[in-house]
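Protein chains in written order, with our numbering: chain A, 1 to 378; chain B, 1001 to 1237; chain C, 2001 to 2387.
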Amino acid sequence: MKYLPLILRNLLRNKRRSGLTAFAIFVSTFLVVALQTALYQFENPPSEQSRFRLVARHATSLQNPLPEAHVDKIRNLPGILKTTPLTWFGAYWKDEDNWFANFEIESDTFWDVFPEVRLPEEERRAFLADPQGCFVGRDLAAKFDWKVGDRIVLTGQIYPLNPELNVRGIYDGPDSTWLLFHRKYVEEALKTSAGRPGRVGTIWFLVAGPEDVAPVSARVDAAFRNSNGETKTETEKAFQLSFVEMMGDLRAIVRNIVAAVALTMLLVAGNAMAMAARERAAEAAVLRALGFPPARVGFLFLSEAVLVAGIGGLLGTLLPVLLFFNSSPEPIMFPTFRVPTGIAASGILLALLVGALAGGLPAWGLVRRPIAQALRRA
Amino acid sequence: MGTSPVVSLRHVTKSFRRDTLEVPVLRGIDLETSGGDFVALMGPSGSGKSTVLNLIAGIDRPTSGDIRVAGSDLASMSETDLAAFRSRHIGFIFQMYNLIPVLTAEENVALPLLLTPLSGKERREHVRTALGVVGLTDRAKHFPRQLSGGQEQRAAIARAIVTDPTLLLADEPTGDLDATSATEILELLRRLNAEYGKTILLVTHDPRAAGYARTRRFLDKGVLGEMPASYAASASR
Amino acid sequence: MRIPLAYNLRHLRARPAAAAMTALGIALPTTTLLLALALPEGLNRVLQGTGDPDNLVVLRKGSTTETNSAVDRDPARLIATLPEVVKDPEERPLLAPETIVIVFAPRRNGLQGNLLVRGTGEGGRALRSYVRLVEGRWFTPGLPELTVSRRIAERYQNLGLGERIHFGKHDWTVVGLFDAQGKAPDSEAWADVDLLMSDFLRTTYSSVLVRTPSPDVQARLQERLDQDKRLSLVGFPEPEYYRRQTQGPGLPLLFIGMFVSVLLGVGAAVGATNTMYAAVAQRTREIAVLRSIGFRRRSVLASFLIESLGVALLGGMLGCLLALPFHGAVTSTVNWKTFGDLAFQFRLTPALLAKGLGFAAAVGLFGGFLPARLAASRSIAASMRAI
Ligand SMILES: Nc1ncnc2c1ncn2[C@@H]1O[C@H](COP(=O)(O)OP(=O)(O)OP(=O)(O)O)[C@@H](O)[C@H]1O
Ligand SMILES: [Mg+2]
Chain A
1 MKYLPLILRN
11 LLRNKRRSGL
21 TAFAIFVSTF
31 LVVALQTALY
41 QFENPPSEQS
51 RFRLVARHAT
61 SLQNPLPEAH
71 VDKIRNLPGI
81 LKTTPLTWFG
91 AYWKDEDNWF
101 ANFEIESDTF
111 WDVFPEVRLP
121 EEERRAFLAD
131 PQGCFVGRDL
141 AAKFDWKVGD
151 RIVLTGQIYP
161 LNPELNVRGI
171 YDGPDSTWLL
181 FHRKYVEEAL
191 KTSAGRPGRV
201 GTIWFLVAGP
211 EDVAPVSARV
221 DAAFRNSNGE
231 TKTETEKAFQ
241 LSFVEMMGDL
251 RAIVRNIVAA
261 VALTMLLVAG
271 NAMAMAARER
281 AAEAAVLRAL
291 GFPPARVGFL
301 FLSEAVLVAG
311 IGGLLGTLLP
321 VLLFFNSSPE
331 PIMFPTFRVP
341 TGIAASGILL
351 ALLVGALAGG
361 LPAWGLVRRP
371 IAQALRRA
Chain B
1001 MGTSPVVSLR
1011 HVTKSFRRDT
1021 LEVPVLRGID
1031 LETSGGDFVA
1041 LMGPSGSGKS
1051 TVLNLIAGID
1061 RPTSGDIRVA
1071 GSDLASMSET
1081 DLAAFRSRHI
1091 GFIFQMYNLI
1101 PVLTAEENVA
1111 LPLLLTPLSG
1121 KERREHVRTA
1131 LGVVGLTDRA
1141 KHFPRQLSGG
1151 QEQRAAIARA
1161 IVTDPTLLLA
1171 DEPTGDLDAT
1181 SATEILELLR
1191 RLNAEYGKTI
1201 LLVTHDPRAA
1211 GYARTRRFLD
1221 KGVLGEMPAS
1231 YAASASR
Chain C
2001 MRIPLAYNLR
2011 HLRARPAAAA
2021 MTALGIALPT
2031 TTLLLALALP
2041 EGLNRVLQGT
2051 GDPDNLVVLR
2061 KGSTTETNSA
2071 VDRDPARLIA
2081 TLPEVVKDPE
2091 ERPLLAPETI
2101 VIVFAPRRNG
2111 LQGNLLVRGT
2121 GEGGRALRSY
2131 VRLVEGRWFT
2141 PGLPELTVSR
2151 RIAERYQNLG
2161 LGERIHFGKH
2171 DWTVVGLFDA
2181 QGKAPDSEAW
2191 ADVDLLMSDF
2201 LRTTYSSVLV
2211 RTPSPDVQAR
2221 LQERLDQDKR
2231 LSLVGFPEPE
2241 YYRRQTQGPG
2251 LPLLFIGMFV
2261 SVLLGVGAAV
2271 GATNTMYAAV
2281 AQRTREIAVL
2291 RSIGFRRRSV
2301 LASFLIESLG
2311 VALLGGMLGC
2321 LLALPFHGAV
2331 TSTVNWKTFG
2341 DLAFQFRLTP
2351 ALLAKGLGFA
2361 AAVGLFGGFL
2371 PARLAASRSI
2381 AASMRAI
C-alpha cells in the first residue's frame, strides 16, 4: 500500500473535520448496533435451555387460567421430562408504580424446570420451610432494597389477596427481576374465592431436544382440544416474543430507525466529504495532470472516506461490545446483553458502506471534472 | 529521436462554449517540435497559450485537428490511456507550483513514481537524483510551506523530471517568482535542455524568459506567428 | 451593530448543497423525535378523552381496571335498585353490567394481537352515545355475534364485516361496525354480555357502568359503595377511570424514540459543526474586513449562530413536514393496565411541532457554537494573514 501515507496525510489535513465525521459515524453505528442487539435479545432470550423448554397457556387468552389437573396430565404425556406450573400473581408493592414480575410457583418442581434460577442451598431450604416464604432476584432486591429476613406485604390486583411474605433468599439468574412465592399459600388463602382455586396460569415443561419441540407441542394441545381448557403450546422464545410484540411491531420500528440513522450518517459524512472534495479539486487535477489514472485519483479519495467511516464504525461497534459484555445495564429490559457477531459485523459493514457512498459521489465529481478547468481554478 | 517530431499539431482549433456562445480561442495551429528543442511560446494574456499546453498534455481535447505527441495520436485515446501517456511522456510544471501541501518535497517528487513498477528503494534513488539535479537535496524533508517560492518551483521541476519524461511542459514557471529565483529556474531549464537533452515547451509572458529558449513562437488572435519586433528586441537583450 | 441577515442568506445561496445536506441531517432526528412524542400524545388523547363525567365505573374494591375486577351478580342487581341511578324513559335503571376478555387474534400485519372483547348490552350503548353504528347492525343478544370498531376491523384478520373469528365456545360473526370517534371503544369488539360470560365460564362481571344525574349524586353513590362493606365495591367517574391508565402504555417506545433522537441529534449537530467550520474558514478574510469596519466580536458570533440556527430551523421545518403524513395514522400498542391492544392515532399537535422546532434549534446552536466562537475570537491581523 504505497498510497497509504498519502491517504493518511490527507485524512489528517483537516483533523477536526475527520474527527467530527468519525464521531458522528461512531454515534450512529453505536445506535444501530445497540438497537439491533436489544432486538436480538428480545427475540432470543439468553437461556441455555430455552429451545427445549416449552410453555402451555390457555388458547384463547392469557387472562384465562388453566385447570390445575392439566399439570399432571402433561406430566404423564410421553416425551415430557419435567413439568411445573407458573402463575402470574400480578401484585404491586406499596405503590401501583412499583410494578414487577411476581409469580406463584409449585415449590417442589420449580427447580426441575428452571435450574438457571440459582438460590443458595441454605436459603432454598429456608424458603421451602416457610409457607409464607418468597425469594427475589438480585436486581429486584437491589431496586427495592430488600434483604433476606424482610417482611413485605404485596397488594394483589387480580385476586382479592394481599400476600404477606418473608424474603428467604436472593437468587441469581439470567433475569433476576422476579419475586417467587408458594402457590400453596395463595390456594389456601383463596379457598373460597370464586373461579380461582385449582387453576394455574401457565405450565412449563422440558423436552429432550429440539427435535421433540414440534411433536410434543402438538401432543399437548391435542390432549386438551375441546376441553374447557384448550391450550396453546409454544417455545419459551416464542412465548416471550409475544409479550415483546404487544408493544408494537418492534422489528419494523427498529428497521425504520436503522434506516433513519443510516441516512443521517450518510448526510453528515457525505457533506463532509463534499467539502473535502471542493478543497481538494485542484490537487486532484494536479495528480491527474501528473498522469494518475482517473480511477486511482477517485480511489485515493474514496479510501479516505471509507477509512474515516471505518474508524467511526469500528469504535461504534466496539463500545456496545465492551459496554454490554456480560453485564446487565438495564436488567428489566436486557437481561444479559451480548452483541452477536453478525450484528457487530453488520455495524462495521454499514459504516463502510456509508463511507463508500459518502466518498463515492464527490470522488466521481473529482474524476469527472475536466482537468484543464479544475487547474484554472488552482 | 532526431527525425520524427516529439510534438506535432496540425490545424488544431479550440473553442469554448460560454453560455450559448461559441468562443473560438485557437483558430488553426500548426506546430512541430523535434526532440531536444527548447521552445518558448509567447503571447498576450488570454491568447490561448495554456490551452495549447493543455492540448499537448492531453488534459484538454481540441475542437478539431490532429495532435501527435511522442508518436501517439491523442484523439484516439481514452482518459485512462491519456493518464498513462502523461505519466510516461509528460512532465508538467505549473505557475503556482501545485505541490501537495501535506507531503514533503521528496514525497512530492516521489508521487509520479508511484505509477511505475519501481521498488521503494529504486524510487528513493530516483528522487535523490532528481532533487540533486534541481539542487534541493538539503530541503528534501521540508513541507511546501517551509520552502521559498523558488525552492517550491525547483521541487515541482524535480517532480516533473523524476520519471525522465519525453517532454517538459512549463506554464509560466517564473510568473510568481522574484527576479533572482526566476533566473535560477530558467538556468535550470536551460541546463535540463542542454545537458540532459530534455525537450521543453515553455509558456511565458516574459521576453527575458523567452530568451533562454532556442526557438520562440508567438500566439495571437488564435494563430501562431512570428515574434513582433517589440518582443524580439527585449528577448534578445 | 448587527450584521445584516442578507449577508448570511447570500452565503447560504452560494453553497446550497451544503446547507441542504446539513438541514436534511437535522430534519431526520427531528422527525424521529416527533414520531416518538406523537405516540404518547395520541395514546393519552384516547385515554384522557374517553369517558362521560356522568358515568361511574363500578369495580371490585382494590381493582383499578376492569381486567382485574370481578363483580358478582348479586351486587350488580343491587346497584340497579339504588336511587342514585338515572332511569330511562321506561323507568329502567340506566346501567350496564359488562365483562371484558382479552383474546388472542391475528393482526393483519401477521403479528399476534390481544383483542379486547367487551360483553355489554343495550345499556352499554346508551351510556356511550358517541359510539355510532356505521355499517351493518348491532349484535343480537343470545347469538354469537360481534359489532366491532371499524378501526379494529381494519387492523385484525377475520374481523371484517361478515367474517368469523373463533374464541370461547363459538365462531363469532361480525355483523356490524361502529365508530367511537377515536375513543377507547375504538380498540374493542362488542358482544352480548351473557353469552360471552357463559363462553368463558365466568360467573362475575368485570364492571358495572352506571349513569348518575349529577356530580353530587355521583359523589353520594361513590360514598355509598365505599361505605357498604358487604358489597366491597368502588366507583370511579368514567373519565378518571381512563385517565388512570395513562401512565405506562407506550413508555418503552417513547424511551427508545427519545434515546435515538438525542443521539441522532448529536450526529446532526456534528454535521452542522463541520459545515459551519467550513463556512468560517471560507470567510476568514471577510470576517476580518467586517471586524475592521467596526463590527464587534459579538456581532460576528451572533451572525454565525444565526446562520446555523437558520439552517437548523429549516431542517426542523423539513422534519415536521416529513412527520406530518403520519398524523392521524392509526397504530396500536399494548395497554399495560388491561393487556389489550390500544389503537390510537399519531397526533402532531402545534405544541409538539414547536417542540420539534425547538429540538432542531438546539441542534443548530449546539453545532454552530464552536465555529462561531472561532470566527469571533480570531484577531483581525491573524484573519488577514490566514488566507
Ligand atoms: N475551460 C474554459 N472555459 C471557457 N473558457 C476558457 C476555458 N479555458 C480557457 N478559456 C478561455 O480561453 C482563452 C484562452 O485561455 P488561456 O488560459 O489558454 O490563455 P493564456 O494565453 O494562457 O492566458 P494567460 O497568459 O492569462 O495565462 C481565454 O479567453 C479564456 O478565458
Ligand atoms: Mg495561461
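The beta carbon of each residue, even a glycine, is placed where N, CA and C say it ideally should be. These numbers were taken from a predicted model, which means no experiment stands behind them.
- Task: Report yes or no: is there a C-beta of chain A within less than 8 Å of the C-beta of C/TYR2277?
- Result: Yes, contact with chain A.
- Any idea if A/ALA23 is buried or exposed, counting beta-carbon neighbours within 10 angstroms, 16 or more meaning buried? Here the sequence assigns Phe to residue 23 of chain A, which means Ala is not the residue at that position. Buried, because 16 or more other Cβ atoms sit within 10 Å of the Cβ of A/PHE23.
- Query: Which value, in whole angstroms, describes the spacing of the CA atoms of C/ALA2014 and A/PRO293?
  - Reply: Their Cα atoms are separated by approximately 31 Å.
- Query: At a cut-off of 7 Å, is B/LYS1049 close to ligand 1 when judged by its beta-carbon and the heavy atoms of the ligand?
  - Reply: Indeed, a heavy atom of ligand 1 lies less than 7 Å from the Cβ.
- Query: Among C/ARG2137, C/VAL2057, C/ALA2006 and C/GLU2154, which one has its Cα closest to the Cα of C/ALA2329?
  - Reply: When only C-alpha atoms are compared, the closest one is C/GLU2154.
- Query: Where do the N-terminal and C-terminal ends of the beta strand (DSSP E) with B/LEU1147 fall, by residue?
  - Reply: Bounds of any beta strand (DSSP E) do not take in B/LEU1147, whose DSSP letter is neither H nor E.
- Looking only at DSSP bridge pairs, what is A/ASP182 linked to? Position check: residue 182 of chain A holds His in this sequence, whereas Asp was assumed. Note: A/HIS182 sits in a beta bridge opposite A/ILE105.
- Unbroken alpha helix (DSSP H) run spanning A/TRP364, endpoints: For A/TRP364, the uninterrupted alpha helix (DSSP H) segment begins and ends at 341-368.
- Message: Please state the DSSP three-state secondary structure of B/ARG1237.
- Response: Confidence is the limiting factor: at B/ARG1237 the pLDDT is only 44, short of 50, which leaves the residue's position unreliable and the question unanswerable from this model.
- Message: Please report the distance separating the alpha-carbon of A/HIS58 from that of A/VAL321.
- Response: If you take the alpha carbons of A/HIS58 and A/VAL321, they lie about 39 Å apart.
- Message: Distance cutoff 8 Å, beta carbons only. Does A/LYS143 sit that close to anything in chain B?
- Response: No, no contact with chain B.
- Message: Rounded to whole angstroms, what is the Cα-Cα separation between B/ILE1056 and B/VAL1162?
- Response: When rounded, the distance between both Cα atoms is 20 Å.
- Message: Between C/LEU2024, C/LEU2009 and C/THR2065, which has its C-alpha nearest C/CYS2320's C-alpha?
- Response: Per the Cα distances, C/LEU2024.
- Residues of the segment 3-37 of chain A whose Cβ lies closer than 8 Å to any Cβ of chain B, in chain order: Listed in sequence order: TYR3, PRO5, LEU6, ARG9, ASN10, LEU12 and ARG13.
- State whether the segment 308-317 of chain A contacts the segment 1013-1029 of chain B, with contact taken as three or more CB pairs (one from each stretch) at a distance under 8 Å. No, they do not touch.
- Query: chain B partners of A/VAL286, CB-CB under 7 Å?
  - Reply: ASN1098, listed in chain order.
- Query: What are the boundary residues of the beta strand (DSSP E) that A/TRP111 is part of?
  - Reply: Looking at the DSSP string, A/TRP111 is not in any beta strand (DSSP E); the run it does join, the alpha helix (DSSP H), is 110-113.
- Query: Hey, out of B/ARG1124, B/TYR1212, B/VAL1102 and B/ASN1098, whose CA is closest to B/VAL1039's CA?
  - Reply: Of B/ARG1124, B/TYR1212, B/VAL1102 and B/ASN1098, the residue nearest in Cα terms is B/TYR1212.
- Where do the ends of the beta strand (DSSP E) carrying C/GLU2098 lie? Counting along the chain, C/GLU2098 sits inside the beta strand (DSSP E) bounded by residues 2095-2106.
- Residues of chain B with CB under 7 Å from A/PHE292, in chain order? Here the neighbours are ALA1083 and LEU1115.
- Is the beta carbon of C/VAL2228 sitting closer than 8 Å to the one on C/VAL2234? The amino acid occupying residue 2228 of chain C in the given sequence is Asp; Val does not appear at that position. Annotated as distal: C/ASP2228 and C/VAL2234, with beta-carbon spacing of 8 Å or more.
- Message: When you measure from the CB of B/ASP1171 to every non-hydrogen atom of ligand 2, does any distance come out below 7 Å?
- Response: A heavy atom of ligand 2 is found nearer than 7 Å to the CB of B/ASP1171.
- Query: Quick one, which residues of the segment 1057-1090 of chain B are near chain A if we go by CB-CB under 8 Å, in chain order?
  - Reply: Those would be ALA1057, ILE1059, ASP1060, GLU1079, THR1080, ALA1083, ALA1084, PHE1085, ARG1086, SER1087, ARG1088 and ILE1090, in chain order.
- Closer than 8 Å, Cβ to any Cβ of chain B: which residues of the segment 268-284 of chain A, in chain order? So the list reads ALA282 and GLU283, given in the order they occur along the chain.
- Query: Looking at C/GLY2267 and A/VAL268, is the spacing between their C-beta atoms short of 8 Å?
  - Reply: At a Cβ-Cβ threshold of 8 Å, A/VAL268 and C/GLY2267 count as neighbours.
- Task: Mind listing, in chain order, the continuous beta strand (DSSP E) runs of no fewer than 3 residues lying wholly within the segment 211-288 of chain A?
- Result: Those beta strand (DSSP E) runs which fall completely within the segment 211-288 of chain A and span 3+ residues are 231-235.
- Can you list the residues of chain A that B/PHE991 reaches, using a CB-CB cut of under 7 Å? In this structure chain B extends from 1001 to 1237, so residue 991 of chain B is not present and cannot be described.
- Task: Using three-state DSSP, classify C/ILE2271 as helix, strand or coil.
- Result: Note that residue 2271 of chain C is Gly in the sequence shown, not Ile. Taken through DSSP and simplified to helix, strand or coil, C/GLY2271 comes out as helix.
- Query: Does DSSP put C/GLN2345 in a helix, a strand or coil?
  - Reply: C/GLN2345 falls in the strand class under three-state DSSP.
- Message: Measuring alpha carbon to alpha carbon, tell me which residue in C/ALA2375, C/PHE2346, C/LEU2047 and C/LYS2337 is nearest C/PRO2185.
- Response: Nearest option by C-alpha distance: C/LEU2047.
- Tell me whether C/MET2021 is buried or exposed, calling it buried when 16 or more other Cβ atoms sit within 10 Å of its Cβ. The residue is buried, with at least 16 neighbouring Cβ atoms inside 10 Å.
- Query: If you pair each beta-carbon of the segment 35-46 of chain A with each one of the segment 2082-2093 of chain C, do three or more pairs fall below 8 Å?
  - Reply: Cβ pair count under 8 Å is below three, so no.
- Query: Going by other Cβ atoms of all chains shown within 10 Å of its Cβ, with 16 needed for buried, is B/ALA1130 buried or exposed?
  - Reply: With 16 or more Cβ atoms within 10 Å of its Cβ, B/ALA1130 is classed as buried.
- Between C/PRO2252 and chain A, is there a C-beta pair that is closer than 8 Å? Output row for C/PRO2252: interface = yes.
- Item | C-beta contact flag for A/VAL186 and A/PHE89 at 8 Å | Going by beta carbons, A/VAL186 and A/PHE89 fall inside the 8 Å limit.
- Does the beta-carbon distance from A/SER61 to C/GLN2112 come in below 8 Å? Not a contact, by the Cβ cut-off of 8 Å.
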